[in-house]
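Visitor: I'd like to ask some things about the structure below.
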Amino acid sequence: MTPTTDHPRGASVSPPAKLVIERRVRPGREREFEVWVRALIHSASAANAHEGSSVLDAGGGEYFVLVRFASPEALDRWRESDEVVALSADGDTLSTAVDWPIVRSGLETWFTAPGHRSRVAPRWKMALVTWCALMPQVLLLSVVMPEGIPLVLGVGLTTAISVSMLTWVVMPRLTALLAGWLFSPDQEGARAVRA
Numbered sequence: 001m002t003p004t005t006d007h008p009r010g011a012s013v014s015p016p017a018k019l020v021i022e023r024r025v026r027p028g029r030e031r032e033f034e035v036w037v038r039a040l041i042h043s044a045s046a047a048n049a050h051e052g053s054s055v056l057d058a059g060g061g062e063y064f065v066l067v068r069f070a071s072p073e074a075l076d077r078w079r080e081s082d083e084v085v086a087l088s089a090d091g092d093t094l095s096t097a098v099d100w101p102i103v104r105s106g107l108e109t110w111f112t113a114p115g116h117r118s119r120v121a122p123r124w125k126m127a128l129v130t131w132c133a134l135m136p137q138v139l140l141l142s143v144v145m146p147e148g149i150p151l152v153l154g155v156g157l158t159t160a161i162s163v164s165m166l167t168w169v170v171m172p173r174l175t176a177l178l179a180g181w182l183f184s185p186d187q188e189g190a191r192a193v194r195a
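All residue numbers in the sequence shown are consecutive under full-length UniProt numbering, ending with 195.
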């Protein structure tokens, strides 16, 4: 879906929002739970402004479902739909909520430990991982960008490509890969989740 640009001047545009749902499957209901998760993800995928979903199996019957929307408003519309309300009720018969669903927006969505609503990675780790993800892209793009391209166009293309790559490709994978370090045991209450 292409973002719209029909916002009045000065109006703020909402940042993306991610819903993190932590569930513990009731014994013997594993297959039904998997069908339920697929239905929930399918519902999100069909909704307007959906940007992606992931399911993390933390082991021991504990799962994290992550759903990302273009804005908190789009996420709220999906969550309040009759279909999702019914799916949530069905999910309660198959599993128990380990924590309240968490809604995050902005940079913190990449650096939030699933299952710990107030636990985000330390800012210095966020900055270091973001720099490590961004620097190679900017370096590569500066090499492949055609010579003689106007400065504004070159910077615009470089930032658009880098931000898109960070948002949808690099950061989700990099934070999953580095979860053990980002949310290391030395941080009280934090734990790594294997993707």
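Where a beta carbon is used, it is the ideal one built from N, C-alpha and C, also for glycine. Quick caveat: nothing in here was measured; it's all calculated off a predicted structure.
Whose C-beta lies closer than 8 Å to the C-beta of L134 among residues of the same chain, with five residues either side of it excluded?
Guide: So the list reads S162, L166, once near-sequence residues are dropped.
Visitor: Please report the Cβ distance between V67 and A44, rounded to the nearest whole angstrom; I am assuming they are in contact, meaning their Cβ atoms lie under 8 Å.
Guide: Sure, about 5 Å apart at Cβ, within 8 Å.
Visitor: Rank E51, G60, E62 by C-alpha distance to the C-alpha of P72 and give the top, closest one.
Guide: Among E51, G60, E62, the Cα nearest to that of P72 is on E51.
Visitor: At 4 residues or longer, what runs of the alpha helix (DSSP H) sit wholly inside the region 17-53?
Guide: Listed in chain order, they are 30-46.
Visitor: With which residues is G156 paired in a DSSP beta bridge?
Guide: Answer by DSSP bridge pairing: none, since G156 is not bridged.
Visitor: Need the endpoints of the beta strand (DSSP E) that V67 sits in, please.
Guide: V67 -> beta strand (DSSP E) spans 62-69.
Visitor: Here's the rule I'm using: 16 or more other beta-carbon atoms within 10 Å means buried, otherwise exposed. How should P16 be labelled?
Guide: Its Cβ being crowded by 16 or more others within 10 Å, P16 is buried.
Visitor: From G61 to Q137, what does the alpha carbon distance come to, in whole angstroms?
Guide: Taking the straight line joining both Cα atoms gives about 38 Å.
Visitor: Kindly indicate which three-state DSSP category G59 falls into: helix, strand or coil?
Guide: Strand at G59.
Visitor: Please classify R23 as buried or exposed, where buried requires at least 16 neighbouring CB atoms within 10 angstroms.
Guide: Flag for R23 reads buried.
Visitor: Can you round the beta-carbon distance between A121 and L174 to whole angstroms, since I take them to be within the 8 Å contact cut?
Guide: Going by Cβ atoms, the distance from A121 to L174 rounds to 12 Å, so no, they are not a contact pair.
Visitor: Under a three-way DSSP split, which group does S95 fall into?
Guide: Here S95 sits in strand by DSSP.
Visitor: Please report the residue range of the alpha helix (DSSP H) in which M171 lies.
Guide: Its alpha helix (DSSP H) spans residues 171-177.
Visitor: By alpha-carbon positions, which one of V55, A46, K18, A47 ends up nearest to E34?
Guide: For E34, the nearest C-alpha among the options comes from V55.
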